[in-house]
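Just so you know, the protein sequences line up as chains A and B, in that order.
My numbering puts the first residue of the first sequence at 1, with every later residue one more than the last.
My numbering puts the first residue of the second sequence at 1001, with every later residue one more than the last.
Quick reminder that beta carbons are idealized off the backbone N, C-alpha and C, glycines included.
Being a predicted model, the structure only gives us computed values, none of them experimental.
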Amino acid sequence: MSEAPAEIEIDSVGFSGPDASGHFGPYGGVFVGETLIAAVEELALVYQDLSGEQDFWSEYDNELRHYVGRPSPLYFAERLTEVSGGARIYLKREDLNHTGAHKVNNTIGQALLAKRMGKSRIIAETGAGQHGVASATVAARLGLECHVYMGAEDIKRQAPNVYRMKLLGANVVSVESGSRTLKDAMNEALRDWATNVDNTYYIIGTVAGPHPYPQLVRDFQCIIGRETKQQSLEMFGKLPDALVACVGGGSNAIGLFHPFLGDKRVAMFGVEAGGKGLETGEHAAPLSAGTPGVLHGNRTYLMTDPGGQIQETHSVSAGLDYPGVGPEHAWLKDLKRVNYVAATDTEAMNAFHKLTRLEGIIPALETSHAVAYAMDLARSMGADQTIVINLSGRGDKDIETVARLEGMKL
Amino acid sequence: MPAMSRISAIASDRIQQEKKLLIPYLVAGDPDLPTTLTLMKELVQQGADIIELGIPFSDPASDGPVIQRGVERALNGGTTLRDTLALVAQFREGDTETGIVLMGYLNPIEIMGYENFAGSAAAAGVDGVLVVDMPPTDSMELHRRLAAADIDTIYLVAPTTSAERAKDIAEACTGYLYYVSLKGVTGAAITDHESIKETIESMRQLTDLPVVVGFGIKDSKSAKAMASVSDGIIIGSALVEQIAKLSGGAPEKPEIPSCCAVIGEARSAIDSL
Ligand SMILES: Cc1ncc(COP(=O)(O)O)c(C=O)c1O
């Protein structure tokens, strides 16, 4: 049911990026070591060619339909709406995708690129493990060797996903450097890529990294927004008044938002991880409380200290525990097209339980940040208005963490 | 460039003497700043022509484990870019001959501000800057600021760099051109000597700058092999590995000369060419 990507361009006049050199306004770019330049340039060229080919998108659509199970439903959350009091809340059910999150939309697309480029080895970084699982899954399906870099801290808090990756045949590499979380996993993946650049394809899991990643990951995630648009028209005869999504690197958020950027009356809210509260400094909210800088191949908002060191982040959810954010979000923030806000650990945990009990849907802790903000937002809106939350993933992977935080042991 | 930069002067001097450039790399503040200063002076004693001083950064994505740990030691001591610049100024009080190149990642420089950085670096006595994650196309603004402060901007050429791109890089580069001898991160092992030789020969057609080799030189044997096909060599991980054995706190320790011996040995090896 996805349309040709040309549609995106028409939808988002005025917000079309990146430019030919990979910039979204002042953000983005290609800030990587010289060894990797040839690889990212080759990828940009291949993607430019393939993204113009109808065959490529047909293959991608076919995979999404038959392997992932798309389209994902748009679901009216009646009891959540009642309890929130205000706007009608709909959930875009990315949690129902094969592997349980939006991440697979991207790994399917990039695996097709890897195949076309003749690469036999796949590497990925992962935080919550969802992207790692989605990468291991496509690698298994295509018979590719797969190595997933994961921070030692995250390995501890996402044990079920680590085991899933191993079952799928991936080699999970524990990253012991730096803060031992997602950013360090990404450093290690970049080092691997520089070393094995000839036969290796690096599947980045979010809309960050050097150009063309922010663009191509976005394009693969835009299926979320395109479906939402069509489903909204079918279900309630108009576009939603507000879209809400959590923002780690920003891939599920941009996937929902991008096809609506040109629809001026649709308000958008990206919800970052407020951790213990923005005022405490212990959070992972670069758009809400960071400054522009350069990390992992692009210029964007970052959490950096006055000396330019990247700061350690804190979030209850491993998938949001990242000090940067995709460059397109940085640009959309400056353009004031999207509102970036934060939800704390506690707010996310409360929302996790609310959604579970009210709708029988256990959301990922990442997603719970969006649910928390959307419930507040709903209260400030009228009953004739609608909100769509990107339900980016399911929470099965998080139940041990939740139990631990609540003093239980499983 | 109006006057000849210190790096160019050193290079032409060495070429005249038919000698190769010897460029050790160490991290500022590893294990602490006073020790780094002592190490720098010792490196000069043992024959360093230019010193590459690493600016500590929390996310050194182009570095292997040895230099990563050196950077972590420096960061544990709280070493900043400002401290690194102050270290250069201190070194310059006693040494106006040796070239100093700062090597690091872009974010600390970006946060300090390009103009401020270029001015402070020039005042401290820095001769060149190499930003690992800043390819020429995205670096025009910083390059311009550095040039205005008479500081060389050094770029890398890698085994994966296309011929066409190498030409552009050679044109943009000043000081010396840094050839990365392997596909990978700092400290890995060089495997393909023959292709390095060929690539360096082809780079000589592109530029009059000295072409130096770095990233995998571990001992006098590899130093000699790489120096024989280039204008000079950079030794990083092999030195930082020795520095890892020092503990901080007593900069004038007797181990300092033996810690830097890998550089002295490389000097003898390449001088015997
Ligand atoms: C379910 C889920 N939602 C959101 C995220 C955050 O990533 P992004 O901001 O790229 O969507 C993750 C990352 O692991 C995730 O697993």
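Buried/exposed call for residue i, threshold 16 Cβ in 10 Å
i          : result
Tyr-163/A  : exposed
Ser-1222/B : buried
Gly-293/A  : buried
Ser-1008/B : buried
Asn-252/A  : buried
Ala-20/A   : exposed
Pro-1257/B : exposed
Asp-1219/B : exposed
Gly-127/A  : buried
Gln-1016/B : exposed
Asp-1063/B : buried
Ser-2/A    : Confidence at Ser-2/A is low in this model, with a pLDDT of 41, below 50, so the placement of that residue is unreliable and no value is reported for it.
Ser-1139/B : buried
Pro-18/A   : buried
Val-147/A  : It is worth fixing the name first, because residue 147/A is His in this sequence and not Val. Under this definition His-147/A is a buried residue.
Ala-1261/B : exposed
Arg-65/A   : exposed
Asn-161/A  : buried
Span of the beta strand (DSSP E), counted from its first residue to its last, around residue i
i          : result
Thr-291/A  : 291–295
Glu-125/A  : 121–126
Gly-1214/B : 1211–1214
Leu-1053/B : 1050–1054
His-147/A  : 145–151
Ser-174/A  : 171–175
Met-117/A  : No beta strand (DSSP E) holds Met-117/A; DSSP gives it neither H nor E.
Close Cβ partners of residue i (< 8 Å) along its chain, the five nearest in sequence each way excluded
i         : result
Arg-180/A : Gly-151, Ala-152, Glu-153, Asp-154
Ala-267/A : Asp-241, Ala-242, Leu-243, Asn-339
Thr-35/A  : Ala-194, Val-197
Chain-ordered neighbours of residue i on chain B, where CB pairs are closer than 7 Å
i         : result
Gly-382/A : The premise fails here: Gly-382/A is roughly 44 Å from chain B at the closest Cβ pair, so nothing lies under 7 Å.
Thr-35/A  : Ala-1158, Thr-1160, Val-1180, Lys-1183
Thr-304/A : Asn-1107, Ile-1111
Leu-190/A : Ala-1061
Ala-38/A  : Thr-1160, Thr-1161, Ser-1162
Gly-411/A : Outside the shown range of chain A, which is 1 to 410, sits residue 411/A, and nothing can be said about it.
Neighbourhood of residue i by C-beta distance below 6 Å, restricted to the same chain and skipping five residues each side
i          : result
Leu-1156/B : Tyr-1178, Val-1180
Asp-946/B  : Because chain B is modelled from 1001 through 1273, residue 946/B falls outside the range shown and cannot be assessed.
Gly-326/A  : Val-207, Ala-208, Pro-214, Gly-249, Gly-250
Phe-76/A   : Tyr-90
Leu-1106/B : Val-1131, Asp-1133, Met-1134
Val-1066/B : Gly-1187, Ser-1237, Val-1240, Glu-1241
Within chain A, the residues that residue i reaches when beta carbons sit closer than 9 Å
i          : result
Leu-1081/B : Gly-307, Gly-308
Phe-1057/B : Gly-308, Gln-309, Ile-310
Spatial neighbours of residue i in its chain, beta-carbon cut-off 7 Å, leaving aside the 5 residues before and after
i          : result
Gly-1264/B : Gln-1046, Gly-1047
Gly-386/A  : Strictly speaking, residue 386/A in this sequence is Thr, with Gly absent from that position. The residues are Ala-87, Arg-88, Tyr-90, Phe-236, Pro-240, Asp-241.
Ser-380/A  : Gly-86
Gly-413/A  : The shown model of chain A, from 1 to 410, leaves out residue 413/A, and the question about it has no answer.
Leu-1075/B : Pro-1056, Ser-1058
Partner residues on chain A for residue i, Cβ-Cβ distance less than 7 Å
i          : result
Val-1300/B : Past the boundaries of the shown model lies residue 1300/B; chain B is included only from 1001 to 1273, so the question cannot be answered.
Gln-1068/B : Ser-177
Where residue i meets chain A, residues with beta-carbon distance less than 8 Å
i          : result
Ala-1188/B : Thr-195
Leu-1075/B : Gln-309
Thr-1137/B : Ser-21, Val-30
Extent of the continuous alpha helix (DSSP H) run through residue i
i          : result
Thr-35/A   : 34–50
Ser-1237/B : 1237–1243
Thr-1038/B : 1033–1045
Leu-239/A  : Neither: Leu-239/A is in no alpha helix (DSSP H) and is coded neither H nor E.
Arg-65/A   : It is not in any alpha helix (DSSP H) - Arg-65/A carries neither H nor E in the DSSP assignment.
Ala-1103/B : Reading the sequence as shown, one finds Met at residue 1103/B and not Ala. Premise fails: Met-1103/B lies in the beta strand (DSSP E), 1099–1104, not in any alpha helix (DSSP H).
Chain-ordered chain B contacts of residue i [CB-CB under 8 Å]
i         : result
Asn-187/A : Asp-1059, Pro-1060, Ala-1061
Chain-ordered chain B contacts of residue i [CB-CB under 9 Å]
i         : result
Val-68/A  : In chain order: nothing, as chain B lies at least about 31 Å away.
Lys-183/A : Ser-1058, Asp-1059
**Prompt:** Is the stretch 355–372 of chain A close to the stretch 284–304 of chain A, with three or more CB pairs under 8 Å?
**Reply:** no
**Request:** Specify whether the stretch 1145–1162 of chain B and the stretch 1074–1082 of chain B touch according to this definition: at least 3 beta carbon pairs, one from each stretch, less than 8 Å apart.
**Result:** no
**Message:** Does the contact criterion of 3 or more C-beta pairs under 8 Å hold for the stretch 116–125 of chain A versus the stretch 213–233 of chain A?
**Reply:** no
**Asked** Using 8 Å as the threshold, is the stretch 1142–1151 of chain B in touch with the stretch 1117–1132 of chain B, meaning 3 or more CB pairs across them?
**Response** yes
**Message:** Could you check whether the stretch 127–135 of chain A touches the stretch 101–112 of chain A, counting it as contact only if at least three pairs of C-beta atoms, one from each stretch, sit closer than 8 Å?
**Reply:** yes
**Request:** Check whether the stretch 275–295 of chain A touches the stretch 1088–1104 of chain B, taking contact to mean three or more Cβ pairs, one atom from each stretch, closer than 8 Å.
**Result:** no
**Asked** For the 8 Å Cβ check, are there 3 or more pairs between the stretch 341–349 of chain A and the stretch 52–65 of chain A?
**Response** no
**Item:** Any 3 or more C-beta pairs closer than 8 Å across the stretch 1193–1205 of chain B and the stretch 1233–1245 of chain B
**Value:** no
**Message:** Does the structure place the stretch 352–360 of chain A close enough to the stretch 317–325 of chain A that three or more beta carbon pairs sit under 8 Å?
**Reply:** no
**Message:** Under 8 Å, with one C-beta from each stretch per pair, do the stretch 301–311 of chain A and the stretch 390–410 of chain A reach the 3-pair mark?
**Reply:** no
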